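The block underneath contains the structure these notes are about, expressed in C-alpha cells.
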Amino acid sequence: MKDTDTTQTRLSARDRLLEAAGILFYNEGIAATGIDTITKKAGVAKKSLYNNFSSKAELVTTYIRLRHEEWLALYDVRLQQAITPAQRILAVFDAYHDHAEFAYERGFRGCGLLNAAAEFPAGSEERREVCAHKSEVADIIRKNLYQLLPEDTAKAEQLTAHLAFLLEGAIVLAGLEEHGARVLQAAAMAKTMLEAL
C-alpha cells in the first residue's frame, strides 16, 4: 500500500476512500480508525463516504475483499512462472513473501486479513470474509497436491493442512518480526516436503 497524497486527485472518491481506509486500517487497526480520519486522509467530505458505502461495516468488508484480490493478483504474477503443481504451491509462499515486502507506511505488521479478523467477534461477516480467503488459499494448495498425489487423497489432505499451518504460522511470525524472512524459511521447508513426495 502506498501513501495516497500523490495519487488521490486522480482517483474517484470511492477509490480514495478505499485506499485511505486500507492504509489506516492496516496501520492503526479498524476499531481505532474513525470515519473522520478516513475522510480526512482521502481528502473527501464525510457525505462522500456515505454516498459510496452504507456504513463503516460495509467499508470494512470491502477492504477485506480488496486485500484478498490484492493477494490473488500477487499469486497470479508468481503463477506465471510456475509450471508444475509443486511450483504452483510454492508460488503461494512466494506471494505471501511478496505481500510481506510491500513498502508499508509504518512497516510490515503481518497479514492484514488476520489483523482484521482479530478485531471482530466469532461468527461476524468480517471474520467469514477472512475465512473465505484462507480457505481459497488452502484450496489452491489442495488442488495442486491432488495433482501430485492422485492415488492418495488422504495424504494430499494431510499435507494441505501441514502446508497451510506452515504458511499461516510463518506469516504471523513475519508480522511480529516485521519482515518476511519467516515466509522464506517456510517456503524452503515446504519445498523439502514436496520434494519428498
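Position 169 of the sequence shown, counting from 1, maps to 1492 under this note's numbering, and the rest follow consecutively. Don't be surprised by glycine CBs; every beta carbon is placed ideally from N, CA and C. None of these values were measured; they are calculated from a predicted model.
Count the other CB atoms within 10 Å of the CB of residue i; is the residue buried (16 or more) or exposed (fewer)?
i	result
residue 1465	buried
residue 1509	buried
residue 1407	exposed
residue 1477	exposed
residue 1446	exposed
residue 1492	exposed
residue 1325	Annotation note: pLDDT 48 at residue 1325 (below 50); position unreliable, coordinate value reported separately. Looking at its Cβ environment, which holds fewer than 16 other Cβ atoms inside 10 Å, residue 1325 is exposed.
Using a threshold of 8 angstroms, state whether the C-beta atoms of residue i and residue j are closer than that.
i	j	result
residue 1339	residue 1366	yes
residue 1503	residue 1433	no
residue 1489	residue 1513	yes
residue 1418	residue 1401	yes
residue 1397	residue 1472	no
residue 1604	residue 1369	Because the chain is modelled from 1324 through 1520, residue 1604 falls outside the range shown and cannot be assessed.
residue 1452	residue 1353	no
residue 1387	residue 1439	yes
residue 1467	residue 1411	yes
residue 1463	residue 1415	yes
residue 1409	residue 1496	no
residue 1500	residue 1430	no
Pull up the CB-CB distance for residue i and residue j, whole angstroms please, since I reckon it's below 8 angstroms.
i	j	result
residue 1347	residue 1360	6 angstroms
residue 1385	residue 1341	7 angstroms
Does the CB of residue i have a neighbour CB from chain B at under 8 angstroms?
i	result
residue 1477	As a matter of chain content, chain B is missing from the structure shown, which is built from one protein chain.
Could you work out which residue in the options is closest to residue i when comparing CA atoms only?
i	options	result
residue 1436	1454, 1421 and 1427	1454
residue 1377	1427, 1337 and 1450	1337
Q: Tell me the start and end of each unbroken alpha helix (DSSP H) in the region 1443 to 1486 that is at least 4 residues and wholly inside, in chain order.
A: 1448 to 1471
Q. What alpha helix (DSSP H) runs, 4 residues minimum, are completely inside the region 1399 to 1437?
A. 1408 to 1423
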